[in-house]
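What follows is a short report on a single structure.
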Amino acid sequence: MHTCSHAVVGCMDFRIQKTVENLLEHLNIHQGTYDRVTCAGGAANVDQLKTHLGLSKKLHDSHTAVLSVHEDCGAGAKKEDLLKAAETARSLGFDPKLFYIKLDGTWEEVKAD
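If you want it as structure tokens, here you go:
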């Protein structure tokens, strides 16, 4: 089995891709060590989240999920959607890390206590 430590799920929106790369670098998560899923709505897209986290776990034994949504999302994702995403990730055996991406190039970690 090929393994990786992380599954990264975020929105496909071109405006946030550089910020997501900076976030992953900040978290010391390097290219080639994670599965990456981008879809409209990011982690708020529950169907895609379940499918792709499930596959990442099954195929690559990943254990940490880096989940994000962003401001001004055309698919309607909101910061509070991250809490449901965390619940979904936990139900699949992941340790979720939640981030709200801002269009100014910054991010905010969201706690799911």
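Just so we're aligned, residue 1473 is where the sequence shown starts under the numbering used here, counting upward by one. Every residue gets a Cβ at the ideal spot worked out from N, C-alpha and C, and that includes glycine.
Runs of alpha helix (DSSP H) lying entirely within the region 1489-1542, each at least 4 residues, in chain order: 1489-1498 and 1518-1532
Would a C-beta distance cut-off of 8 Å place residue 1540 and residue 1514 closer than the cut-off? yes
Tell whether a beta-carbon distance below 8 Å holds between residue 1572 and residue 1580. yes
Contact check, residue 1520 vs residue 1511 under 8 Å by CB: the rounded distance? 5 Å
Nearest by alpha-carbon distance to residue 1547: which of 1475, 1476, 1484 and 1474 is it? 1484
Residues bridged to residue 1479 by DSSP? 1507 and 1537
Thinking C-beta only, is residue 1561 closer than 8 Å to residue 1537? The answer is yes: Cβ separation under 8 Å.
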